[in-house]
Amino acid sequence: MYAALVTLTIDPAQAPAAAAALMDDILPRIRSAPGFLTGYWLEPVDGRGFSMTVFETEEQAHAATPPAVGWTAPGVTIESVEFRRVAVAVP
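Add 8 to the 1-based position in the sequence shown for the numbering used here, that's all there is to it.
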């Protein structure tokens with residue numbers, strides 16, 4: 009399993025529109041991506057957000073994550089994307 013770790017900033021004035029884009033556009037695309045297993049989007053603090061999505065393979069993680077795909081949402085800027093192998097998973 010491989011995780012995609014995305015760090016982003018969100019313009020607080022556009023947070024409601026960004027949340028709507030996440031729910032209406034981004035999540036459905038991620039859920040239907042090949043190899044998708046699970047995902048977490050943490051509540052932003054001081055305009056900084058973080059997400060982690062997990063896929064079966066490293067290739068699938070890269071193919072479904074920026075910059076390979078655009079996770080565009082109003083007021084959101086992706087600061088970094090990192091991929092790591094999941095060492096341990098506990099249900």
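Beta carbons are placed, not taken as given, at the ideal position from N, Cα and C, and that holds for glycine.
Assuming contact is defined by CB atoms lying nearer than 8 Å, are residue i and residue j in contact in what I supplied?
i: Gly55; j: Pro24; result: no
i: Leu16; j: Arg92; result: no
i: Gly83; j: Ala26; result: yes
In the DSSP assignment, find the unbroken beta strand (DSSP E) run with residue i in it and report its ends.
i: Ala11; result: 10 to 18
How many whole angstroms separate the CB atoms of residue i and residue j, which I take to be in contact at a CB cut-off of 8 Å?
i: Leu50; j: Phe63; result: Contact flag wrong, Cβ pair sits at about 18 Å.
i: Tyr10; j: Val94; result: 7 Å
Any chance you could list the beta strand (DSSP E) runs of at least 3 consecutive residues sitting entirely within the region 26 to 98, in chain order?
44 to 53, 56 to 63, 84 to 93
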